[in-house]
Amino acid sequence: MPGDGNEKQAPAAGTPADRQRLMRICSQASVAELSTALARLAPLPAIEVVRQPDVGLIMLRGRMGGDGAPFNAGEATMTRAVVRLASGELGFSYLLGRSLERARLAAIVDALGQSSRFRDRLEIVLVAPVMRRVHAQRSDRRAETAATRVQFFTLVRGED
Amino acid sequence: MRSQLPTLQAGFRDAVHDSQAVFRTVMRAMSVPALPVSLSTNLAPPSPLIATAAAILITLADFETTVWLDAPLASSDAVCQFASFHTGARLVRDPCEAHFALASTPQSMPRLATLSQGTPDYPDRSSTLIVQVAGFGATGLAFAGPGIKTDRQFSFSGMPKGFEQQLTDNHAQFPRGVDIVLAASAHIAALPRSIRLASER
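Residue numbers (my numbering), protein chains in the order written: chain B, 467 to 626; chain G, 26 to 226.
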């Protein structure tokens, strides 16, 4: 979008990089934010659920120090869904957590993000509000932390 | 650019309950061999896969199993995508590696001896063969064995030549052997390895 410095490097709609970027926003968005955004995009094309949202576990793997032998750190709950728009785009989502509705909505966002009819408007109704909220929360937290900051001084008392 | 799977058909609407219902029906068919039981499903799989066979496959196969498809099924990208997406199973080329083998017609079904027969220690490791058939008949071969009180007459359309001999050989190596599930448009019937032709006593 012209006039917005961040958008100049934005990858073309529907490319894997662009879908990943949209999915990162979905991973930070709440159910309310997703459903509000989709409501603002109405009317949406007919949506067929190819894989009903289901909850499962994924094994999280880690490496000690980033380059040691891999080990299983623990399991996390994950929800996935796949939908198809009437125009043929397939949308996939895998999200941490157990919210079935959130996975379904995120899959719809992925599908809409591949459609040139909706991609630009998603930027306005979803990406911008979520980024704004995330940035606001981050700067609030920074401000709270900064307020309790303690400056340590070592005073040379010159006793000897 | 669109996703790589534009033709992918939907799976079960309610994965847990639909697959439980199909599993229950397969159990029932296995417990009354050579008797068609009704199986309804709302799946709409890509041709030449039919709904009942697709429902059995999605219910039984998972990411830990291997699936073999006959040539007409394997040559359809839509069928391969459907099978691997909804089951997570690995598709294999060699029928003897398959936990589940799926044949689109009785003519294209592999000889039972070419499938995995299990081992004496682990007879459960044999293949299960799912065959799509046009229909069943209440006359034809007479079967006997567990689950059949008196001899039961049964046949299915397009029964391949020499099928009786294959069944005899299959039963002869019990407890090893292949289990067969036949899927018609709205019914399924099972020929587990435990049954035999009534003519052989």
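Quick reminder that beta carbons are idealized off the backbone N, C-alpha and C, glycines included.
Exposed or buried, which one is residue i when buried takes at least 16 other CB atoms within 10 Å?
i, result
"E89(G)", "exposed"
"G624(B)", "exposed"
"T144(G)", "exposed"
"F168(G)", "buried"
"L94(G)", "buried"
"Q190(G)", "exposed"
"R118(G)", "exposed"
Near residue i, which residues of its chain fall below 8 Å by C-beta distance, leaving aside the five closest residues on each side in sequence?
i, result
"L561(B)", "C492, S493, M544, T545, R546, R568, A569, A572"
"T112(G)", "L82, I83, A86, D87, F88, T90, V92"
"A211(G)", "S63, L64, S65, T77"
Closest by CA to residue i, which one among the options?
i, options, result
"G554(B)", "G532(B), A542(B), Q580(B)", "Q580(B)"
"S121(G)", "S151(G), A99(G), F107(G)", "The residue asked about is misnamed: residue 121(G) is Cys in this sequence, not Ser. Answer by Cα proximity: S151(G)."
"A223(G)", "G183(G), V203(G), T130(G), L166(G)", "L166(G)"
"P217(G)", "L60(G), G36(G), Q45(G)", "L60(G)"
"P135(G)", "Y147(G), V203(G), A79(G)", "V203(G)"
"S186(G)", "S100(G), A209(G), Q132(G)", "A quick correction: the sequence has Lys, not Ser, at residue 186(G). Considering only alpha carbons, the answer is Q132(G)."
"A40(G)", "Q603(B), V516(B), P511(B)", "V516(B)"
"A478(B)", "R615(B), S582(B), T611(B)", "S582(B)"
"P590(B)", "Q486(B), I513(B), L507(B)", "The amino acid at residue 590(B) is misidentified as Pro; the sequence shows Ile. Closest by alpha carbon: L507(B)."
"G170(G)", "Q157(G), Y147(G), T153(G), H196(G)", "H196(G)"
"T32(G)", "G557(B), L510(B), L504(B)", "G557(B)"
"A503(B)", "D586(B), R608(B), T611(B), R604(B)", "D586(B)"
"S100(G)", "I220(G), S129(G), H124(G), F37(G)", "S129(G)"
Within a Cβ cutoff of 7 Å, which residues of the same chain sit near residue i, ignoring the five residues on either side of it in sequence?
i, result
"G563(B)", "T543, T545"
"S501(B)", "L571"
"P70(G)", "Q34, A76, A79, F107"
"D149(G)", "G143"
"A159(G)", "S182, G183, A209"
Is residue i helix, strand or coil when you go by DSSP?
i, result
"V593(B)", "helix"
"L519(B)", "Residue identity check: residue 519(B) is Pro in the sequence provided, not Leu. P519(B) falls in the strand class under three-state DSSP."
"R546(B)", "strand"
"M525(B)", "strand"
"P536(B)", "strand"
"T228(G)", "Chain G is shown only over 26 to 226; residue 228(G) falls outside these bounds and no answer can be derived."
"T112(G)", "helix"
"V51(G)", "helix"
"G480(B)", "coil"
"Q106(G)", "helix"
"I81(G)", "helix"
"G202(G)", "coil"
"Q617(B)", "coil"
"S63(G)", "strand"
"A123(G)", "coil"
"L510(B)", "coil"
"D95(G)", "coil"
"L504(B)", "helix"
Which same chain residues end up closer than 6 Å to residue i when comparing Cβ atoms and leaving out the 5 residues on each side of it in sequence?
i, result
"V593(B)", "I491"
Complete alpha helix (DSSP H) runs within the stretch 559 to 615 of chain B (minimum length 4 residues, chain order): With a minimum length of 4 residues, the continuous alpha helix (DSSP H) runs that stay inside the stretch 559 to 615 of chain B are 566 to 579, 585 to 588, 594 to 613.
Secondary structure, beta strand (DSSP E): runs of 3+ residues fully inside the stretch 142 to 207 of chain G: Counting whole runs of 3 or more residues, the stretch 142 to 207 of chain G contains the beta strand (DSSP E) stretches 153 to 157, 161 to 170, 173 to 181.
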